[in-house]
Amino acid sequence: MRAGLDHLPAAKRRELERVARVLFDEFEDAVKTKLSDKRKGGRILKLILFGSYARGDWVEDRASGYISDYDLLVIVNSETFTDLQHGGLSPTIIWCAS
Numbered sequence: 003m004r005a006g007l008d009h010l011p012a013a014k015r016r017e018l019e020r021v022a023r024v025l026f027d028e029f030e031d032a033v034k035t036k037l038s039d040k041r042k043g044g045r046i047l048k049l050i051l052f053g054s055y056a057r058g059d060w061v062e063d064r065a066s067g068y069i070s071d072y073d074l075l076v077i078v079n080s081e082t083f084t085d086l087q088h089g090g091l092s093p094t095i096i097w098c099a100s
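So this is what it looks like as structure tokens:
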């Protein structure tokens, strides 16, 4: 298993850095608007890239227009912020007890 993004081209690394920045900023903004102290303490603990980009076998087929998407797993510090709490069928945000 890879621990970094060195196997990705520079443009993909920059794109993922922008995606991560947006995720962290949006999460922070959402937490700021919450009234309870429990929700204000929400944090993203980890952001994990998995799937084809993590494995190094992503596809960019210009002929068909198919381009692999990024598969990201967001680990948060409270179950309050998970898709599981909201009944999501394919949870992407996982609670990690610290």
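Per the numbering used here, the very first residue in the sequence shown carries number 3; after that it's consecutive. Here a beta-carbon is modelled for each residue, glycine too, at the ideal position from N, C-alpha and C. This one's a predicted model, so the numbers in the text were calculated from it and none came from an experiment.
Determine the closest residue to L74 out of S80, Y55, W60, with distance taken between C-alpha atoms. The residue you call residue 74 lines up with position 72 of the sequence shown. Out of S80, Y55, W60, Y55 has the C-alpha closest to the C-alpha of L74.
Would you decide whether F83 is buried or exposed? Buried here means 16 or more other CB atoms lie within 10 Å of its CB. Within the sequence shown, numbered from 1, the residue matching residue 83 stands at position 81. Buried: at least 16 other Cβ atoms inside 10 Å.
Exposed unless 16 or more other CB atoms sit within 10 angstroms - verdict on L51: On the sequence shown, position 49 is the one that residue 51 refers to. So L51 counts as buried.
One or two residues paired with L75 in a DSSP bridge: Numbered from 1 along the sequence shown, position 73 holds the residue referred to as residue 75. Answer is I50, bridged to L75.
Nearest-angstrom Cα separation, counted from I69 out to V21: As a working mapping, residue 21 is identified with position 19 in the sequence shown. As a working mapping, residue 69 is identified with position 67 in the sequence shown. Those two C-alpha atoms are separated by around 17 Å.
Measure the alpha-carbon distance for E28 versus R64 and round it to whole angstroms. In the sequence shown, counting from the first residue as 1, residue 28 sits at position 26. In the sequence shown, counting from the first residue as 1, residue 64 sits at position 62. Roughly 32 Å separates the two Cα atoms.
DSSP three-state assignment for D63, whether helix, strand or coil: Residue numbering aside, residue 63 sits at position 61 when the sequence shown is read from its first letter. D63: strand per DSSP, three-state reduction.
If you draw a straight line from the C-alpha of G58 to the C-alpha of P11, how long is it? Translated into positions along the sequence shown, residue 58 becomes position 56. Translated into positions along the sequence shown, residue 11 becomes position 9. G58 and P11: Cα-Cα distance of roughly 10 Å.
Here's the rule I'm using: 16 or more other beta-carbon atoms within 10 Å means buried, otherwise exposed. How should V24 be labelled? As a first step, residue 24 must be located in the sequence shown, where it is residue number 22. So V24 ends up on the exposed side.
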